[in-house]
Amino acid sequence: MMSQTCRVAIFLLLCWEAVSIEVPLDPKIQQELKQPPTITKQSPKDYIVDPRDNIIIECEAKGNPLPSYTWTRNRKFFNVAKDPRVTMRRNSGTLEIGFRSGGRPDEYEGEYQCFAKNEFGTALSNKILLRVSKSPLWPKEYLEPVVVNEGSHAILPCNPPPGLPPPHIFWMNSAMLPITQDRRVSMGLNGDLYFSNVLAKDAETDYSCNARFHFTHTIQQKNPFTLKVLTKESRNDTSVHFSLNLTELHSARGITETTPTFLSPTGTSSSKTVLRGDELLLECIAAGVPTPSITWYKKGGDLPSKKVKFENFNKTLRIVGVSEADAGDYSCLASNKMGSIRHTISVRYKASPYWLSEPKNLILAPEEDGNLICRANGLPKPEITWLINGDPIESAPPNPSRRVAGDTIIFRSVQIGSSAVYQCNASNEHGYLLANAFVNILDVQPRMLAPQSEVIRVIENNRTHLDCPFFGSPLPMLRWFKNGQGSNLDGGQYRTYDNGTLEIKRARKEDQGTYTCVATNILGKAEKQVRLEVKDPTRIVRAPENLVIKRGENARFDCRISYDPSLRLIVTWLKDDNPLSGWRTLVQTISNWFKEVESMFYPRMKKDEESLTVTNVNEQDEGVYTCIVSTELDSDSAKARLTVQDDPTSRIVPEIKDRPEPPTDLELTDPSERSVRLTWVPGDDNHSPIKEFLVQYEEDLWERGKWKNLTSYPGNLNSVILPLSPYVNYQFRVIAINEIGASRPSRPSERYRTSGAPPEVYPQKIRGAGSRKNNMEITWEPVVGTDQNGPNLRYMVWWRRRDSREQWKNLTTRYEKHVIWDTDTYVAYEIKVQAINDFGPGPESPIIIGHSGEDYPRSAPTNIRIRPDSTRAIIMWSPVSYESVQGELKEYRVYYWRESSKLKGLSVSREKKYQSFSTTSSKPQGTLKDLIPYSNYKLYMVVVNGKGEGPSSTTHDLQTSEGVPGPPRYLRVQERNMDTIYLDWDQPLEPNGILTGYTLKYRTVNGTKVGRMQTENFQSNITSYTLRKADRNARYKFDLSARTQIGLGEAYIVDVTQSTNEAYTKDQVDIATQGWFIGLMCAIALLVLILLIVCFIKRSRGGKYPVREKKDLPLDAVDQKDQDGSFDYRSLERLDRATTLPYRKRDEDNKPLQGSQTSLDGTIKQPDSEDSLVDYGEGGDGQFNEDGSFIGQYTVKKDKEETEGNESSEATSPVNAIYSLA
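Whatever position you read off the sequence shown (first residue = 1), add 140 for the working numbering.
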């Protein structure tokens, strides 16, 4: 019994925390009080510096007296004074290391720690690991060209130099443009550039990896890669592929389509460790043709949608702010039409230490008790060690008033002189936390932190606070007195706060007087007096009314006021929300100068404290007038409209309806535990009766400042009893509503706090489900604030296995979730939850059934039997046992794919499909539908529960029987002549069996008149038919079906709507619109044009030259001409073959001869010459026909001078220019 009492006492001792004294920020007190050092500023733990700048290692602390500073480097004393490059700032521990006199920054790399010390203790900074930023150059290297076949994958490695911090990687080309990235081409997390499949357009010589270094702002560039793509010769022309998508492009270029394979990471599984709070980056990059798509899953649950981001075209999964719930197995599925593969990444969660309860500074008075608590968590669990003034606490001198109990230091009856700074270090393999907390033993007599006397004036019925800030050690006891009375003010409408403030919930006239606060401890006492004056509220008791006045008459607005005469009253009038003086000035500005003089000597507006008079009104005086009355404590306002009439006979004042004015003077009476009476004074209804009052409330515990509707009441009531909830600090306001709308809210009432009670509701949406195979998470919706009915809300959770005799287990928690561990897989539990507060337990929830976590099914369906027909198959199997499901049986899933067709040479798609069957029958079966007849299938089955799929059954063969064929691939209908129609077709894409022939049905169609159906049957090897038309103008409708032994298949229908004297076909296009035909016609036209030009040139130059039979005979002086003056070249005689031999050219041949004649084309004719006519031909060697005529065009050479002289006539001729190119 004694030992149990001791254990309870120790437990209570550890749970108890002394109320620490807080030192005020008053500079005078701060200077007087002695305090141990406190670190206020320090460099980060991992400190990377720029090598171009001076190194600054920060360490600043406060304390009284000011602390002195020392440093260690690599856990050894660092003598700052002996190093000329190192200086310490004045009144600071910050080090500055300069390099003007030489030295390198990397010489000062290492681990630094700052010590701030005064006579009351020593505070420590974190261990600062100083490293100098590095941006190394890329090693010079020769990169061999990367040669790949088109359609294969490629990886261009980056391997950036190891910088500090790591550089940012990006890829660019020689034009300094980023490499375009998409689903097919992208950069991995390691910086490598991945091609899921390579296309011919990827062949470039300038793929360059770049590294940007943060500190030095430099970019290092790797030597560029050359990517060579090997393609087949038949693929060289890519001009026809621009309008195709990638899948069509692969097919058009003959690239082999492949199933996906992983490029990063490789294999089927990998693992990754991530720390709490870090970013989790998972990557899956796959190769394949077509480019695979990536899909992410998490086993046993959904991806956290609020934290997950998909990047890099879905190849990267990013989770920010990792928590323990993010651990588990993540799968990426890479799939294209050829298949899919899966890679599983096991994410292991670890955590560097993080604070649960960081130790706080403790100020105690002599003989007081206190605790320093240092609680941290992490994975693995961090080790807690204590230091005192920087040394292990185990090596410190013994102190009878101090005892270390794990993560807590307990102080009992502390004494002056035992002040010190304690360090708590929480560390595991992933990091550490270091916190300083001093224990300062002070003895200070009470003192007031505000003036000794003060006057406070408040408005009656308002909440009032009288402040009395104080300080002392030991912590003084504070009491309030009124008018020197001996009783302490606390309770009723008075409430005293720990900081010394006295709250008066509703100030009344009788609360006026002098209040004294007294702070007392064992060293003395201090006093402060506050004079409270309660003033009458400022109110408009008679508000101005709307007026309709004839032009030229006077208007008077009354504004009668009730206020406290001891306060200074200010009355302000506004017109249309603008100051009246400003409006008046505006009127005078736009009026003529006569009215200015009149208004100066005879003012039209007269004001006093209770009215405003406007004389000689006109249209400019119309508007809304506002009377505002205010004192230094409160204010009130009211509005009225002035309307000016032009018609002097009109005497009727219309009533202008508006929203009501807000209610006033809210008062709370008749308080009880669950209700209070609220009374108010209705405001002016503005000529529209008030239909309804809406009461709203605000409470300051759960949703401070948010007003909510409580209830509404008829417009004829102004005193109601409000139903209230327990433990709510209410404040009310009222809104009046008429047919125009709602008024402004009234001023809030005083606050009213209801007493507490046990909860009256139980938590909703209770659920039990496992997140792992060996646990069950019990969750529920928390009870909302106003339903908690009291402080310290917590939940009692009850659970037990269903259908067992075990007792209920329970646990109390403040959270909305409780996890039960070490459960069997998928076991049913009975669960209930109950809300409890300090006033007692609430009702228990109804019992709900939950289950522990699921695991993958252990067994596959057995005894699978198949009964196929042509398009479907009935699958029967033996069910698996309940125990092997290891979870909730969702479905049986059949995976099947078409292996081949029974027809040889017919290619098929092997796309895997599945069909699900949800059944709990003892003889389960299901039907696979939409199978293709006359095919070989394979299938297997799996069991699916909430966790996923179980193992696969053995693979079974399925053969569908013969069926009716599909429609023929096409049916072309052409008119060969006026009397016949030619039809041809091709066999179906899916014959679905052995074709036995084709059946052609046709009939004539003439409007609504349909001819008799005619049928023609053909053997399977016949794919054309010629139909002789009975009527040339007839229209036809054709139905063509293929046949198997099962019957006719789907028909291919061609409905010919135009006359058959036009050529028609369903799948044929107009030849005149085809590109090849247009090109052919253009080529023929161009050839004809060239021939015409050549003929024209020949004709213009003369064809054959006229030569006499004997060369020694001179030419006639005048050639024979036709009557029109043209030469008759047809009359020229053939040259003697003997005179056509080539001869050596003489210089004088180029000279013109005397007596020579110039032909029409500018050539020179010689009457007598021995030269061969070969020299006058186009070539160097003249060639003649057997009859002595020239082969080719005959021309005469000219000398240089003659050529230049004829430039204008010959060279500019388009015919000659074309001829010169011939």
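Glycine included, every Cβ here is placed at the ideal spot set by N, Cα and C.
From residue i to residue j, what distance separates their C-alpha atoms?
i: THR356; j: HIS308; result: 12 Å
i: ALA465; j: VAL1083; result: 27 Å
i: THR210; j: ALA575; result: 18 Å
i: ARG1033; j: LEU1079; result: 10 Å
i: ASN1325; j: LYS341; result: For ASN1325, the pLDDT reaches just 43, beneath the cut-off of 50, and the residue's location in the model is therefore unreliable, leaving the point undetermined.
i: TRP278; j: ILE237; result: 30 Å
i: TYR1245; j: TRP1216; result: Only weak support exists for where TYR1245 lies, its pLDDT of 45 falling under 50; the coordinates are left without a value.
i: VAL272; j: ILE196; result: 12 Å
i: ASN950; j: GLU970; result: 12 Å
i: LYS447; j: HIS483; result: 22 Å
i: ARG552; j: ASN539; result: 10 Å
i: ARG213; j: LEU269; result: 10 Å
i: GLN563; j: ASP531; result: 9 Å
i: ILE524; j: ARG543; result: 15 Å
i: SER497; j: TYR489; result: 22 Å
i: LEU235; j: VAL487; result: 42 Å
i: LEU403; j: TYR347; result: 19 Å
i: GLU650; j: SER183; result: 60 Å
Report all residues from its chain with a CB closer than 8 Å to the CB of residue i; omit the five preceding and five following residues, and keep chain order.
i: VAL338; result: VAL288, ASN289, GLU290, GLY291, SER292, HIS293, ALA294, LEU367 and VAL369
i: GLY1125; result: Residue identity check: residue 1125 is Trp in the sequence provided, not Gly. PRO1108, ARG1109, TYR1110, LEU1111, ARG1112, TYR1138, THR1163, SER1164, LEU1180 and TYR1192, listed in sequence order.
i: LYS1206; result: Confidence is the limiting factor: at LYS1206 the pLDDT is only 41, short of 50, which leaves the residue's position unreliable and the question unanswerable from this model.
i: GLU1347; result: With a pLDDT of 40 at GLU1347, under the threshold of 50, the modelled position of this residue cannot be trusted; read the value that follows with caution. Correct list: empty, nothing qualifies.
i: MET1153; result: LYS1141, TYR1142 and ARG1143
Over what stretch of residues does the beta strand (DSSP E) that includes residue i continue unbroken?
i: TYR1022; result: Premise fails: TYR1022 lies in the alpha helix (DSSP H), 1022-1025, not in any beta strand (DSSP E).
i: PRO1008; result: 1002-1008
i: ILE987; result: That residue, ILE987, is in no beta strand (DSSP E); it is neither H nor E in DSSP.
i: MET312; result: 308-312
i: GLU994; result: Segment: none, GLU994 is in no beta strand (DSSP E) and carries neither H nor E.
i: ASN568; result: 560-568
i: ILE1014; result: 1013-1018
i: CYS254; result: 250-258
i: TRP527; result: First, the residue type needs correcting, since residue 527 is Leu and not Trp in the sequence shown. Per DSSP, LEU527 belongs to the beta strand (DSSP E) from 523-528.
i: TRP495; result: 479-497
i: HIS605; result: 604-606
If I measure Cβ to Cβ from residue i and keep anything under 6 Å in the same chain, skipping five residues before and after, which residues do I get?
i: TYR437; result: SER471
i: ILE319; result: TRP311
i: GLU879; result: SER828
i: ASN661; result: PRO586, GLY612, PRO614 and PRO616
i: SER859; result: THR819
i: ALA1174; result: THR1144
i: PRO1354; result: Any reading at PRO1354 must be qualified, since the residue scores a pLDDT of 39, below 50, and its modelled position is unreliable; the value itself is stated next. Closer than 6 Å at the Cβ level, and outside the excluded window around PRO1354, lies no residue.
i: SER1058; result: GLU1031
State the CB to CB distance for the pair residue i and residue j, rounded to an integer number of angstroms; the pair is presumed to be in contact (CB under 8 Å).
i: ILE1004; j: LYS957; result: Wrong, their Cβ atoms sit about 43 Å apart, outside the cutoff.
i: ARG1168; j: THR1120; result: 5 Å
i: THR753; j: ARG682; result: Incorrect: roughly 15 Å between the Cβ atoms, too far for contact.
i: GLY1103; j: SER1010; result: 3 Å
i: LEU1068; j: ALA1000; result: Not really, about 17 Å apart at Cβ, beyond 8 Å.
i: ASP776; j: PRO800; result: Between PRO800 and ASP776 the Cβ distance is about 16 Å, and since that is not below 8 Å, they are no contact.
Ordered along the chain, which non-local residues of its own chain (more than five positions away) have a Cβ less than 7 Å from that of residue i?
i: PRO863; result: ARG814 and SER815
i: ASP995; result: LYS913, THR965, GLN1026, GLY1027 and LYS1087
i: GLY980; result: PRO898
Review point. Quick one: any contact between the stretch 325-342 and the stretch 450-457, if contact means 3 or more CB pairs under 8 Å?
Key: Counting C-beta pairs with one atom in each stretch, the stretch 325-342 and the stretch 450-457 have three or more that are closer than 8 Å, which means they touch.
Point to revise | Stretch pair the stretch 674-688 + the stretch 761-777: three plus CB contacts closer than 8 Å | key: Counting C-beta pairs closer than 8 Å gives three or more between the stretch 674-688 and the stretch 761-777, which meets the contact rule.
**Study point:** Given 8 Å, three or more beta-carbon pairs between the stretch 221-231 and the stretch 271-290
**Key:** With a cut-off of 8 Å on Cβ pairs, the stretch 221-231 is not in contact with the stretch 271-290, counting fewer than three such pairs.
Check your understanding: Does the count of Cβ pairs from the stretch 493-506 and the stretch 564-583 closer than 8 Å reach three?
Key -> Touching, per the Cβ criterion.
Check your understanding: For the stretch 869-889 against the stretch 927-936, are there 3 or more C-beta pairs whose distance is under 8 Å?
Key -> No, because fewer than three Cβ pairs between the stretch 869-889 and the stretch 927-936 fall closer than 8 Å, the two stretches do not touch.
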